[in-house]
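Chain order of the listed sequences is D and S. Position 397 of the first sequence, counted from 1, bears residue number 397 in our numbering, the numbering being contiguous throughout. Position 504 of the second sequence, counted from 1, bears residue number 504 in our numbering, the numbering being contiguous throughout. Before any comments, here is the structure.
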Amino acid sequence: MDEILIRTDFPREVREIENTWIPMPDGTLLAARIWLPKDAEEDPVPAILEYLPYRKRDGTVERDHLTHPYFAGFGYAGVRVDMRGTGDSEGVCLGEYLAQEQDDCLAVIAWLAEQPWCSGKVGMIGISWGGFNGLQVAARRPSALGAVISLCSTDDRYADDIHFMGGCMLTDKLSWGATAFSIANTPPDPAIVGEGRWRDMWLERLENNGLWMLDWFRHQRRDAFYAHGSVCEDYSDISIPVYMVGGWADGYTNAILRTLQHLPGPRKGLIGPWGHKYPHFAKPGPRIGFLQECLRWWDQHLKCHSTGIMDEPELRAWIQDPSPPAPHHQTRPGYWVAEPSWRDAAPQIWSLYPNASGMSDEPDPSALSICSPETAGAGSGVWCIYGLDPDGPLDQNTEAGLMTSFETEPLQEDIALLGFPHFRAEVESSTAQANLAATLSSLDDEGRATLISYGVLNLAHRDGHSDPKPMPHGQPETISVQLNACGQRISKGQRLRLSLSSAYWPVIWPAQDRAKLTLTGARLDLPVRAIRDSDRALPEFPGPESATPMATKTLTEGSFRRTRTIDQVTGVETTEMHSATGAETHLHTGITVDYENTATFSIHPGDPNSATGLQRWRKSYARGEWKANLRTEVSVRALAEVWRIEASLTAEDKDGIVLRRQWSEDVARDFV
Amino acid sequence: MTEVIETVWIPMPDGTKLAARLWLPDGARSNPVPCILEYIPYRRRDRTRMRDEAAHPLLADAGYAAIRVDQRGSGDSDGVMLDEYAEVETNDGVDVIAWIAEQSWCDGNVGMFGKSWGAYNSFQVAARRPPALKAIAPVMGTDDRWLEDIHFYGGVLASDNFWWGSIMQLYNAMPPDPEIVGADRWRDMWRERLDAMSFWPAQWLQHQTRDEMWRRGSISVNYEDIDIPVYFFGGWADLFRDTPFRIAQKLKGPLKVLMGPWAHLYPHEGVPGPRMDFLGELIRFWDHTLKGTDTGLMDEPPLRFYIQDSAPPSGSHKLRSGRWVEEQSWPSQNVSQTMLWLNDGTLETSPVPGAPSMSVCSPQTFGSAGGDMCSFAIPGDMPGDCRIDAAGALCFRTAPYDDAIDILGQPLLRIRVASDQEQAFVAALLIDEAPNGTQTLITRGFANLMHRSSETSPEPVIPGEMMEIDVPLHGIGYRLARGHRFLVQVASAYWPILWPAPRPVTLTMETGTSTLALPVRRDVQDAPRPLPEPAKRPGKRAVTKIRDGSMDRSLRTDLATGEVTARFFLDGGVFGPVGRLRLDDIGTELGDVSDRIYRIRADDPLSCQASMHQHSVFERQDWRVAIKTSSEMTATETEFHLKASVTCWDGEDQFHHVDWDHVIPRNGM
């Protein structure tokens, strides 16, 4: 079922424009690769734009080949544009989701609409960055933009992005920040921009693109920096149809349910079991015929064909069956359910109350005391699972000595959860700023514990993220921790376990000081969805299809390793993730790419100020005589008063060093 | 002025000569003195040279001849050594004592002491009653090789059987020093030793029950064999924690016991501290027993124990706060057994029957926080925070104690338990849980369920049958702080300290029928004599550091496969990361590197693998010797597999190579 059917027979014959230049109003040229029907000039087609900084030439090329020629074969122009200052485009790129990026995109859309092969209608599709800017550009209402498919993206850059979760700072701010840093400082391809120009363009980037992460650390509360590009600021800015897509293993799925709740215009949502990937090649499976689903969406909104897609339920979601814990799932068995309207779905809330001996339906007056080692979170997976590597959550029994756990008796019957669990309590903290983590897992009859969902809250952000307030000493405060949205069946006989801790490492950075939390009136609210007959009548998705994958030659094998090491001499625990793509030649361009990445996070269980993260990247590009290498190193230390950020970059070509740069900055901690 | 004789030769009746280093006090040649013997295989010429020089000269200063003898087949002595505590070793010990007593500088009275091996053979030789031997001071050794040696813990196979045996694999391959035995002889002597070598871990594993091999050299077989005065020294961080309590009850002659907080080190170098003036105390003992001087020592309460306070878990305690207490006899009237019942997750003073039974199938990685059974006070080798392993055991907690409580002695866990497998063991931990949740191991014990009726004929468990099993926990003196709890953990695995049972074991325990007998010491007004710290000894360090040492002691979990790797790497040999040294007075450079790696996956006991790689060099001018060893142990459901090799170089030339490959049937282990 997960085998992708490679389609070579299309209604319209496809041609490819390897590169074309799209002029911006200031004269800067953006590079674009376009697949379109050969006869598009005679029979113009809508354009489907994917616009992001991840290098059309060699970065997203593998998936572009699966997707855009497929759209073209069905009568669309699939357009991949490198953002300003990235890939083969000119200029510099100073950060993520800046106004410049959206302004450029408006110009790109206007340009596309005017092309002789274009019908004048444009759609935007994208995952992650390209999903974000689909929403952001839709909010700017360019007249030619007719519909958006936004995958694994967010409407709220503070709530659900790599920066924060519940007002706690994610370590992804470093790991993604360092990854973006390495992407932003790669060179254009001489074959596209010219042998005489590429090095100058690269230098311009190296000298100007900078370390975006510094801005991210300078903004720790929900201020205008994050409000910009967050379409939740005014959902009514968007009037065109939006299709929000993602998966439970991904980091952005909360945004799908929230957007369906609030978007006033036409909207659809689709949540599978997937990680941070397009659903026609995502893992965990099952995959679906996502491109076919896209075509139904585009045909409906860009070609005005009635495909019936808007008559179908607003939300399709995969309810995962119980499954043993594993850091990597090939597939997550389950079943599809549908909601005609998410905002009217109103799940039944099942409240559970932790007590001294477990968790039951009865409220309990006991006070719970939480003071976790800083290593609590040892069973966590990465915040955003890509589905490629074994980097997901482990058997939650790993947390047994670290988090404080409460278990129900075995369930008397099957239940299914769909939506956001919430943990609520009155909390007293020994420190002004403290974090609280809550995880929900299910235990099978062998005692194995599979993570269902988790959430964290910075207690100083209990009343909002814009204006943090210290926890008052000795006075309980009402708090609510939203756990990530989930779709999960729990079988009769299984137990549910709630685990609480004052740390969740290495998902979030620790609080400034060790906190002791005292909780009373604790309650876990679970969104229970009754099983409905209508679910069984849902039509199956077609199987996954794609255009012909690009041809590559593997020169060296890739590798992946994720380890946790306790130094028994110092007590320091280090989680290290190392991945290497191996060297691979793209046969259609002759470019050989080779990337290597190591992320190291260390902490002492008794010392939050010992937290250190270090991320290294190596990116190598070569073709014949041409060689470009980039090495970056970025580290963050969570000291009591400051975030200590250090970074370095070394760019080399065949003749040696092109540029070396270093950064070092202490940023004061702001209630985070 | 003490006369130091680098080498004296002690002839054995069969003509074999043993090499010894001798410290003679001023005037001993005209005025004979008693002699103190230390008799071990760890090379007086180089490997223990510095340690010897910290002890033996002080004995000489106190008016004793002090002699450090290399056992037959070790160091510079002739012959071969075929096993630990062999009959010939004990015979030689008796003969050495007879020889000493006849020397003109000896007044005919001999005392014997030693740590570890030297404690074992002090007991063993004393049991042979050589007439000149008047007293022994065993430090950190045992009366019972089955119960309390590195081979088996609670009748369960210890990984230390492999580890220590691999260390001996290296020691056994070391050559004599040409400067001592002669440039013309050393190669022949070395060749003889190498040709006689076997791989001891495999040799020992041929004996998986309490058979004659383990009875040999165990004075527990007949305590009456020893009636001379014995002064036993030990430490709670060391392996040998029950011997003091057993001998206090069994030995009929005069006995002194002193148990400190120490790891496997002489108490004057003891870590965790506080250290004590061990040599001063030893001299008081010799003065009393060998010179007949009344030092008052034997009028003092014979048993002295350190009660250590609650402390946060640490693999590297430098100091354990606590206090010394004294007892007149053992069992002590100050200590009474408090029964705690293992109820439904709780540990209470009365049984609460009726709760459903509790089961656990411990992951094979349970025990990873356990450190080593025998700490050498090398950083990281003591137990860490038990929370690391928290999920793998059944847990029973007391309420927090309103007042501090002292325990002294050997807690006994008596549990009603069933196993779903024929071969299984129980690992039980007694833990101090602090209010902030940290868990410090107090003591632990193990029981092989196949030995429930006999240690000589293992008998398969009948799956599902409830058994009453005693799990004795090792002796300890501990004060649980106010507000802390006792926590008992019961598990079916304890890696890497114990070799796993062949299949994952689910243990099922009845609740409300199992008990922990806790030896609670009443609050007595203790006013023990102060124990002086060792005096600082003047003098220069006679070693030069050639290369700094390094170490790694870590637990690594592969989060993708679940495999856990416990690594213990030491550049500097068994006793610490000292790197490469030159012994200045003899000019020999020494460098020992060892890398011990244990691996296992949580779900598969047969994934258990132990390996040890060692490298050792000796260099002095044109004498250059290198030795490389490797050893590996794995198991199937029915067999143990041990492979090992030794390669030796004489200069650039390979001098010797041997491979061993042993397959040994499992017998209840």
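Glycine included, each C-beta is placed from N, C-alpha and C at the ideal position.
In the displayed model, residue 513(S) falls within coil according to three-state DSSP, outside both helix and strand.
Where residue 185(D) is concerned, there is no enclosing beta strand (DSSP E), because DSSP gives it neither an H nor an E. For residue 558(S), the chain D residues whose Cβ falls inside 8 Å of its Cβ are 561, 562 and 563, in order along the chain. For the pair residue 257(D) and residue 658(D), the CB atoms are not nearer than the 8 Å cut-off. Excluding the 5 residues flanking it on each side, residue 577(S) has same chain C-beta neighbours closer than 7 Å at 549, 550, 551, 570 and 571, in chain order.
In the DSSP secondary-structure assignment, residue 648(S) is bridged to 627(S) and 656(S).
DSSP, read as helix, strand or coil, puts residue 471(S) in strand. From the beta-carbon of residue 388(S), the residues of chain D found nearer than 8 Å are 401 and 566.
Counting only the Cα atoms, residue 558(D) lies some 36 Å from residue 226(D). Boundaries of the alpha helix (DSSP H) around residue 130(D): 129-138. Residue-level contact check: residue 244(S) does not touch chain D, since none of the beta carbons of chain D fall below 8 Å from its beta carbon. In the DSSP annotation of this structure, the continuous segment of the beta strand (DSSP E) that includes residue 426(D) starts and ends at 422-429. In the structure shown, the three-state DSSP call for residue 355(D) is strand. Residue 649(D) has 632(D) and 661(D) as its beta-bridge partners, per DSSP. Going by C-alpha positions, residue 651(D) is about 7 Å away from residue 631(D). For residue 224(S), there is no enclosing alpha helix (DSSP H), as DSSP marks it with neither H nor E. In the three-state scheme derived from DSSP, where H, G and I count as helix and E and B as strand, residue 106(S) is classed as strand. Contact between residue 667(D) and residue 642(D) holds: CB atoms are separated by about 6 Å, below the 8 Å threshold. Taking each of 519(D), 444(D), 383(D) and 339(D) in turn and checking the Cα distance to residue 536(D), the smallest one comes out for 339(D). Against chain D, the beta carbon of residue 380(S) has neighbours under 7 Å at 568 and 569, listed in chain order.
Of the candidates 431(D), 607(D) and 456(D), the residue whose Cα lies closest to the Cα of residue 516(D) is 431(D). Annotation for residue 219(D): 225 and 226 place their beta carbon closer than 8 Å to its own, counting only its chain and skipping 5 residues before and after. Annotated as proximal: residue 61(S) and residue 2(S), with beta-carbon spacing under 8 Å. DSSP places residue 117(S) within a helical segment (H, G or I) once states are collapsed to three. Residue-level contact check: residue 371(D) touches chain S, since one or more beta carbons of chain S fall below 8 Å from its beta carbon. Residues of the region 589-609 of chain D that bring their beta carbon within less than 9 Å of a beta carbon in chain S comprise 605 and 606, in sequence order. The beta carbon of residue 243(S) sits closer than 8 Å to those of 141, 142, 143, 144, 148, 232 and 234, all from its chain and outside the five residues before and after it, given in chain order. According to the DSSP secondary-structure assignment, residue 322(S) is paired through a beta bridge with 308(S).
Listed along chain S are 559, each with a C-beta nearer than 7 Å to that of residue 394(D).
The straight-line gap separating the alpha-carbon atoms of residue 457(D) and residue 261(D) is approximately 22 Å.
The beta carbon of residue 327(D) falls within 8 Å of a beta carbon belonging to chain S, placing the residue at that interface. Residue 638(D) is bridged by DSSP to 643(D). In the DSSP secondary-structure assignment, residue 518(D) is bridged to 369(D) and 428(D). Any Cβ of chain D closer than 8 Å to the Cβ of residue 553(S) would place that residue at the interface, and such an atom is present. Judged by pairs of C-beta atoms under 8 Å, the region 160-177 of chain S touches the region 71-84 of chain S, as three or more such pairs exist. Sorting 40(D), 187(D), 66(D) and 112(D) by C-alpha distance to the C-alpha of residue 49(D) places 112(D) at the top.
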